[in-house]
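Residue numbers for the first sequence follow UniProt numbering, beginning at 1 and rising by one.
C-beta: ideal position from N, C-alpha, C; glycine also.
On a predicted model such as this, the values are computed, not experimentally measured, just so you know.
Okay, so here's the structure we're looking at.
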Amino acid sequence: MPELPEVETVMRGLAAVLEGHRIVEVEQRRPDLRFPFPDNLVRRVEGRRVLSFRRRAKYMLMRLDGGESLLIHLGMSGRMVARQASVPVMARLTPQGAASDARGHNAPPEAHEHLVMTTDHGWRVGFVDPRRFGAVDLVATEVEDAHRLLAGLGPEPLEDAFTDAVLSAALVGRHTPIKAALLDQTVVAGLGNIYVCEALYRAGISPRRLAASVAGTRATRLVPAIKAVLTESIGAGGSSLRDYVRADGEVGRFQERFAVYGREGEPCPHCNPPCPGIARIVQSGRSTFFCPRRQR
DNA sequence: AACGGGACCTGATTGC
DNA sequence: TGCAATCAGGTCCCGT
């Protein structure tokens, strides 16, 4: 599910529910996700107050009083569900927006809800992740960025420090398609399969082009394309490809604005006269969508 | 060192 | 209808 805009949206939703409140109970329902939960997770989180949230790449950091932060990665299939007794605000929605399956405090847990936190104002916030590619850890807040999962990450694409010069420097000498380079979280942090495809389309750059040949003038087009597609998606509440929802119960709507992702065979939005259709190829085992006419 | 492929999981969809 | 194959928004490890 989640790339940077989806993680940002989920995090803002969690902040709205949790900030300033105390976590009075933690239930850990299995020993691990992608790797084991941290030692004494329940004891270290129970009784703590939630101070603030931060996002780094596709990771969320929930700062707790007591000096530790809960680090959460949603993997491919992870989502957060929040509910309150008899007042479902973040119920599961269908992509069409019809509410369903609202659960109260005493309802049975839904499948694959591996971690549940209950707050002092009666909310239950759960981490649901069928495929278990997600991750949870605790890290000392003062040295968050030294965590092994964060230490090697590249620049945040929406920060001013992410410039064409910075991207160019990361691409120089790389003998891999630009598609693969942009998925590399040490080059730029937070892009995934969807937004790489969309950014390359906006920049008119072929996903097959060697990364090194994008350094320079093409990077000058690519950086604004990356920033724009991420910003627009965050503004739309991210993309909902399954039943992912925002904190306020609305589905993300950015998928309606995909120009190429998942649109094999359709003419692209900007070719006039219409192009023969968006192509799908496989690069390092993953689908790439692009317009062969516009993207060189 | 940088790269591609495979592994890790479950569920939804597609095709026979 | 039923079953198998394929695909999915991510990352990490391994061999080359």
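Neighbourhood of residue i by C-beta, 7 Å cutoff - its chain only, sequence neighbours within 5 removed
i	result
His270	Arg294
Ile234	Pro5, Glu8 and Thr9
His73	Lys58, Tyr59, Gly134 and Ala135
Between the CA atoms of residue j and residue i - distance to the nearest angstrom
i	j	result
Gly78	Ser168	33 Å
Ser206	Phe290	7 Å
Gly252	Ala228	17 Å
Arg92	Ala165	Its pLDDT being 40, under 50, Arg92 is placed unreliably by the model, and the measurement read from it follows with that caveat. Cα-Cα distance, rounded: 43 Å.
Ala225	Glu256	18 Å
Asp137	Gly265	42 Å
Val81	Pro273	45 Å
Asp120	Ala16	14 Å
Gly285	Gly262	16 Å
Arg132	Ser239	21 Å
Arg22	Val128	21 Å
Asp39	Glu156	30 Å
Pro109	Ala279	42 Å
Asp276	Pro2	Checking the sequence shown, residue 276 turns out to be Pro, not Asp. Looking at the two C-alpha atoms, the distance is approximately 31 Å.
Same chain, Cβ closer than 6 Å to residue i, neighbours up to 5 away in sequence not counted
i	result
Val187	Gly154, Ala170 and Ala181
Arg209	Ile178
Assigned exposure category for residue i - 16 Cβ within 10 Å defines buried
i	result
Phe35	exposed
Val10	buried
Thr217	exposed
Met76	exposed
Arg173	At residue 173 the sequence reads Gly, which differs from the Arg that was named. Exposed is the call here.
Thr231	exposed
Val45	buried
Close beta carbons around residue i, own chain, < 8 Å, minus the five adjacent residues each side
i	result
Gly204	Arg221, Arg294, Gln295 and Arg296
Gly152	Gln185 and Thr186
Sub-7 Å separation of residue i and residue j beta-carbons
i	j	result
residue 372	Ala259	This structure leaves residue 372 out entirely; the chain is present only between 1 and 296.
Ser69	Thr118	no
Leu33	Ala111	no
Gln28	Leu115	yes
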